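Peer 1: Below is one structure. I have some questions about it.
Number of protein chains: 2
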Amino acid sequence: MKNSYPYDRLLKRFERVATINECASVLGWDAAAMMPVGGGAARGDQLAILAGLAHAQLTAPEVADDLAAAEALPASPDPWPAANLRLMRHAHMRATAVPADLIEAQARANSKCEKVWREAKSAANFSLVRPHLTEVVKLVQQQAVALGEGLGMSPYDALMDGYQQGIGASDVASIFGAYENFLAENLPLAEQRQAKQQAPVKPPGPFPIATQETLCRRVAQRIGLDFDHARLDRSAHPFSGGTPTDVRITTRYDLADCSQSIMAVIHETGHALYERGLPRAHARQPVGEAAGMGIHESQSLIVEMQACRTDEYLDWLGRSLHAAFGGDPKHYEVENLSRLWRRVERGLIRVEADEMTYPAHVIMRFRLERAMVSGNLSVADLPGAWNAAIKDLMGLTPPNDAVGCLQDIHWYDGAFGYFPSYTLGAMAAAQLMAVAARQIQGLKTAMGLGDLSPLINWLKANVHAHGSVMGFNELLTAATGKPLDPTDFQAHLRARYLS
Amino acid sequence: MKNSYPYDRLLKRFERVATINECASVLGWDAAAMMPVGGGAARGDQLAILAGLAHAQLTAPEVADDLAAAEALPASPDPWPAANLRLMRHAHMRATAVPADLIEAQARANSKCEKVWREAKSAANFSLVRPHLTEVVKLVQQQAVALGEGLGMSPYDALMDGYQQGIGASDVASIFGAYENFLAENLPLAEQRQAKQQAPVKPPGPFPIATQETLCRRVAQRIGLDFDHARLDRSAHPFSGGTPTDVRITTRYDLADCSQSIMAVIHETGHALYERGLPRAHARQPVGEAAGMGIHESQSLIVEMQACRTDEYLDWLGRSLHAAFGGDPKHYEVENLSRLWRRVERGLIRVEADEMTYPAHVIMRFRLERAMVSGNLSVADLPGAWNAAIKDLMGLTPPNDAVGCLQDIHWYDGAFGYFPSYTLGAMAAAQLMAVAARQIQGLKTAMGLGDLSPLINWLKANVHAHGSVMGFNELLTAATGKPLDPTDFQAHLRARYLS
């Protein structure tokens with residue numbers, strides 16, 4: 006029986022770790038949404054202390070003993086404690102694989118590099134940050150090797166595993182290769198088709214911020230967010246944070262454009278509802294957490310891209326927007342909004358990309374970071390390699406590095422292995438939606454009323470409630486009958502942009 | 006030398022403790038000002054974990070060894086490390102004096118009692134909470150005995166010491182006895198004098214909340230709060246929290262009355278500026294912290310009561326209010342505002358009391374809680390004893406316990422020994438102001454322009470910058486030439502209400 010004494014002690018310990026991480030999550034939200042600028046230095050120390058305390062809990066000598074003792078007992082027939090113990094072992098391996106002095110060196114190097122990156126980006130001058138990124142990559146290589154040895158994985162897989170367990174670089178490489186071929190063939194076709202259509206009109210606004218905020222709140226609520234357990238605030242970059250019983254989403258408002266704030270809220274609401282739907286019976290246990298960043302992204306994208314950019318939902322949203330902001334009703338008709346908000350466009354900037362070209366941004370980053378981690382690409386050669394890759398994938402040449410290899414914070418903050426999650430999420434979202442659309446009666450009718458509850462209930466039952474009792478492909482198989490199948494995403498794009 | 010190895014280790018450890026406490030402080034602010042109701046249960050766990058982690062840092066076996074080793078070295082000629090080491094020893098004694106199971110029992114009992122108190126207060130039914138308060142008091146008695154043994158103090162003194170070091174119950178008892186006599190003689194005189202004056206007019210409002218908020222922010226800023234290191238938000242009860250480089254003050258707004266929000270902001274700004282003015286060179290060291298809750302209250306009250314209720318400041322404030330809200334200018338003239346906001350009035354409710362009768366509320370609580378801690382007053386007898394005390398001090402009889410012994414959260418949350426700090430603060434504020442007014446050139450002229458910087462700079466130099474390198478009476482002696490002298494407060498009241 007797994008619920009013997011050592012397992013109970015482990016539960017208690019992981020509950021402590023999760024609670025410390027909750028503190029860090031709320032403080033992270035505060036730093037982005039509330040904190041005055043002068044609080045930054047102290048907040049950095051606070052988060053570092055919490056990270057250290059959580060790490061110390063995971064690496065305490067008793068953990069290894071308790072894990073060994075719990076594993077020595079006959080496995081429980083209940084999949085939850087069995088998965089829990091597996092995930093505890095996994096977390097312990099990750100925490101103990103990297104020496105403490107390397108962790109500290111990384112914290113210092115990442116923090117320094119991230120600061121300099123801000124200057125380098127605003128000066129469009131990669132050389133400013135090159136030595137710092139070189140140091141960051143050197144330490145990431147050491148981290149990846151150490152993690153890989155501990156986990157029995159290749160170094161880059163070990164980094165990916167930190168964001169999404171259960172899918173490796175070789176799987177991703179082949180999925181991405183196929184998508185590259187798909188894109189080479191279909192992006193020109195989508196562009197040709199689009200060129201023949203009437204150009205959409207951007208509603209001219211202005212869009213009073215207070216009205217946007219009220220509408221965003223209403224939209225999030227109607228999608229399913231309960232503000233007894235949530236907040237909506239502002240930050241420079243929209244994100245979802247907080248804790249499962251107290252989720253905090255943010256957006257940003259532009260007086261001249263209401264689409265940014267609303268689409269960001271819709272996206273973050275998808276993330277937030279996933280956290281809200283995690284199994285409460287396993288709260289603060291590894292098995293009660295989200296199943297990884299790829300799955301997390303699938304839950305935001307199924308709401309934002311799969312559901313809320315359908316004609317049905319856009320019809321409701323357009324009417325709501327017109328009721329809120331007035332102006333020419335033509336601008337808010339689904340014929341216009343669908344052409345405006347379902348538009349493919351080659352661009353240099355990942356975060357502004359449409360759903361068809363977004364994976365291209367991810368694919369090139371995946372290849373470049375994998376090459377940096379393996380040592381096949383030096384940091385000095387990054388700008389050239391970046392520009393070659395985006396030229397190759399989209400035929401574009403960045404005028405400077407600020408809109409090239411300096412655009413994303415990730416690498417400069419030490420995050421390698423995260424980028425694939427975005428596209429894995431987009432693909433998983435399409436695959437889940439294909440099945441949900443078949444299984445849910447009245448889905449389109451409800452969406453036409455702005456009501457996503459049928460979809461959210463389906464996601465709760467088929468994704469959220471499972472926590473991480475299953476891995477990436479297991480979860481997809483349970484929900485859709487097959488592991489990740491990238492052709493569902495291609496079919497979605499064909500239906501939306503080519504037919 | 007005190008900065009040898011064990012002392013450095015202690016510095017590092019206390020820095021860790023302070024940083025954990027900073028996390029708790031921001032999360033506490035969030036709970037009161039931001040958190041959706043559904044986050045309450047998880048937040049309770051988060052704060053409990055942080056308290057446990059901080060406590061574990063203080064009680065680790067190495068601390069005793071390092072303290073002993075550091076203390077065995079020749080004392081530093083520099084008073085800061087010497088005081089620091091003394092305060093570390095003190096913190097360690099407090100942390101180790103109380104057994105862990107008693108701390109846990111208190112956390113549970115206090116939390117339960119506080120919840121039931123809310124019901125009991127809204128039902129005006131003391132008997133609901135009586136058994137819970139009985140349990141709380143029983144555990145507080147045990148805590149007080151344990152602390153008293155560790156610190157070599159009487160049990161009640163050991164509780165007081167947790168809020169304000171350096172002043173004990175016997176000092177307070179004689180100070181309070183003298184004040185009781187002062188009040189018996191002078192409150193009727195003040196009332197008679199007031200009765201002969203024209204009654205003040207409450208400006209009728211309404212006072213739009215957004216305008217109040219803008220004005221509150223401007224007032225706080227003009228007093229000296231830098232919003233690069235501060236926030237102003239709303240909460241059910243105004244408070245000051247956060248950390249020295251990121252202070253968070255709150256207030257509440259009433260559409261029908263602007264005085265509440267503004268006076269609360271002025272008060273909390275005084276607290277906030279004290280935190281902002283603490284010595285940065287000793288940040289996160291015991292000696293760099295505030296010198297106790299009595300001194301803290303003196304810093305809010307010197308701003309709110311001593312400075313901002315003078316004719317000079319009210320003249321500026323009245324003009325600012327009229328500029329913001331319009332209406333009859335007569336209402337905002339200093340002649341009216343001074344009678345409105347410097348008014349003595351016998352009342353049942355402590356938090357609504359004026360500065361002359363406020364100490365009476367504190368005095369009776371001090372006597373009642375001291376009697377409960379010593380066992381001379383049983384919880385069952387509290388309502389009767391309360392009603393007798395307020396009858397005796399102010400000639401009033403509460404119609405029910407909601408406006409009697411159920412009005413304050415303190416005891417029901419396990420806080421015994423805190424109440425004296427309010428009046429010690431009021432008295433210290435008067436004493437500091439008497440000297441500041443003599444030493445600062447142009448103080449009144451500046452106050453007439455809403456500018457408190459001369460006073461704040463004086464407080465920074467004479468109070469804030471000293472952290473807790475000196476005790477309560479030492480600090481007052483350094484700033485004013487004498488230890489706490491309650492006659493300064495009496496003189497202030499005579500000048501304001503009797504002459």
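Those protein sequences? They're chains V and Y, same order as listed. Sequential numbering of the first sequence, starting at 6, is according to this note's numbering. Sequential numbering of the second sequence, starting at 6, is according to this note's numbering. Ideal Cβ placement from N, Cα and C applies to all residues, glycine included. This one's a predicted model, so the numbers in the text were calculated from it and none came from an experiment.
1. Look at the Cβ atom of Y:G419, then the Cβ atom of Y:E302, and state whether they are nearer than 7 Å.
2. So for Y:L63, helix, strand or coil by DSSP?
3. Does any residue of chain Y have a CB that is nearer than 7 Å to the CB of V:Q51?
4. In whole angstroms, what separates the C-alpha of Y:M158 from that of Y:M165?
5. Taking V:A204 as part of the beta strand (DSSP E), name the residues at either end of that continuous run.
6. Could you tell me the boundaries of the beta strand (DSSP E) in which Y:I254 lies?
7. Under 8 Å: do the stretch 126-136 of chain Y and the stretch 174-192 of chain Y share three or more Cβ pairs, one atom per stretch?
8. Quick one: what's got a C-beta closer than 7 Å to Y:T485's C-beta in the same chain, skipping five residues either side?
9. For chain V, check one thing: does any of its Cβ atoms lie closer than 7 Å to the Cβ of Y:A476?
10. My output table needs one value for Y:G247: the three-state DSSP class, helix, strand or coil.
11. Under the three-state reduction of DSSP, which class applies to V:L133: helix, strand or coil?
12. Would V:F330 and V:F244 qualify as a contact pair, given that the criterion is a beta-carbon distance under 7 Å?
13. Kindly examine the ligand COA and report whether one of its heavy atoms sits closer than 6 Å to the Cβ of V:R289.
14. Any idea if Y:R375 is buried or exposed, counting beta-carbon neighbours within 10 angstroms, 16 or more meaning buried?
15. For the stretch 224-243 of chain V, list every residue whose C-beta sits within 9 Å of some C-beta in chain Y, in sequence order.
16. Does the stretch 332-341 of chain V come within contact of the stretch 204-218 of chain V, defined as at least 3 CB pairs closer than 8 Å?
17. Look at the alpha carbon of V:G171 and the alpha carbon of V:G332, and state the distance between them as a whole number of angstroms.
18. How should V:A80 be labelled, buried or exposed, when 16 other C-beta atoms within 10 angstroms of its C-beta is the threshold for buried?
19. Taking just the CA atoms, how far does Y:G246 sit from Y:S240?
20. Within 10 Å of its beta-carbon, does V:S266 have 16 or more other beta-carbons around it, so buried, or fewer, so exposed?
21. What number of angstroms, rounded off, separates the C-alpha of Y:M452 from the C-alpha of Y:F477?
22. Buried or exposed: where does Y:Q197 fall if 16 or more other Cβ atoms within 10 Å of its Cβ makes it buried?
23. Could you pull the start and end residues of the alpha helix (DSSP H) that Y:D238 belongs to?
24. In its own chain, which residues sit with a C-beta less than 7 Å from the C-beta of Y:R281, not counting the 5 before and 5 after it?
25. Does chain Y have any CB closer than 7 Å to the CB of V:P41?
26. Would you identify the three-state DSSP class for Y:D231, choosing helix, strand or coil?
27. Sort V:H276, V:G167 and V:L387 by Cα distance to V:M310 and report the nearest one.
28. According to the Cβ coordinates, are V:P136 and V:A149 closer than 7 Å?
29. Helix, strand or coil: how does DSSP classify V:D413 here?
30. Can you list, in chain order, the residues of its chain whose CB lies under 8 Å from that of V:E20, leaving out five sequence neighbours each side?
31. With DSSP run on the structure shown, which of helix, strand or coil describes V:N8?
32. With DSSP collapsed to three states, give me the class of V:D162.
33. Just to confirm my understanding: we take Y:M40, look at its own chain, exclude 5 residues before and 5 after, and list those with CB closer than 7 Å. What are they?
34. Would the stretch 78-95 of chain V count as touching the stretch 384-394 of chain V if we require 3 or more Cβ pairs under 8 Å?
35. Give the range of the alpha helix (DSSP H) segment to which Y:C313 is assigned.
36. Name, please, each residue of chain V whose Cβ falls closer than 7 Å to the Cβ of Y:A47.
Peer 2: Once the coordinates are examined:
1. Contact flag unset, no.
2. Shown here, Y:L63 sits in a helix according to DSSP, grouped into three states.
3. Yes, V:Q51 lies at the interface with chain Y (some Cβ there is under 7 Å from its Cβ).
4. Between Y:M158 and Y:M165, the C-alpha separation is close to 10 Å.
5. For V:A204, no beta strand (DSSP E) segment is defined, and its DSSP state is neither H nor E.
6. Here the beta strand (DSSP E) through Y:I254 covers D251 to T256.
7. No, the stretch 126-136 of chain Y is not in contact with the stretch 174-192 of chain Y.
8. Closer than 7 Å at Cβ, skipping near neighbours: Q436, L437 and V440.
9. The question names Ala, but residue 476 of chain Y in the sequence shown is Gly. Chain V, which has no Cβ nearer than 7 Å to the Cβ of Y:G476, makes this no.
10. If DSSP states are grouped into helix, strand and coil, Y:G247 belongs with the strands.
11. For V:L133, the three-state secondary structure derived from DSSP is helix.
12. For V:F330 and V:F244, no; Cβs fall outside 7 Å.
13. Questions concerning the ligand COA fall outside what the structure shown contains, since it holds no ligand whatsoever.
14. Label assigned to Y:R375: buried.
15. Listed in chain order, the positions of the stretch 224-243 of chain V with a beta carbon within less than 9 Å of a beta carbon of chain Y are D231, F232, D233, H234, A235, R236 and D238.
16. Yes, the stretch 332-341 of chain V is in contact with the stretch 204-218 of chain V.
17. Distance between the alpha carbons of V:G171 and V:G332: 49 Å.
18. Looking at its Cβ environment, which holds fewer than 16 other Cβ atoms inside 10 Å, V:A80 is exposed.
19. Roughly 12 Å between the two C-alpha positions.
20. With 16 or more neighbouring CB atoms inside 10 Å of its own CB, V:S266 falls in the buried class.
21. Whole-angstrom Cα-Cα distance: 28 Å.
22. Counting of Cβ neighbours within 10 angstroms places Y:Q197 among the exposed residues, the total staying below 16.
23. In the DSSP assignment, Y:D238 falls outside any alpha helix (DSSP H) and lies within the beta strand (DSSP E) extending over A235 to R239.
24. Hits under 7 Å: H234, P249 and V252.
25. Yes, V:P41 counts as interfacial toward chain Y.
26. If DSSP states are grouped into helix, strand and coil, Y:D231 belongs with coil.
27. When only C-alpha atoms are compared, the closest one is V:H276.
28. Using a Cβ distance threshold of 7 Å, V:P136 and V:A149 do not count as a contacting pair.
29. Three-state result, V:D413: coil.
30. Correct list, in chain order: R289 and Q290.
31. With a pLDDT of only 45 at V:N8, under 50, the local geometry of the prediction cannot be trusted, and the value read off the model is given with reservation. Looking at V:N8 - three-state DSSP - the assignment turns out to be coil, as it is neither helix nor strand.
32. Helix.
33. Cβ within range, chain order: R48.
34. Result no; under three Cβ-Cβ pairs closer than 8 Å.
35. Here Y:C313 belongs to no alpha helix (DSSP H), and DSSP marks it neither H nor E.
36. Within chain V, the residues E27, T248, T250 and D251 have their CB atoms less than 7 Å from the CB of Y:A47, given in chain order.
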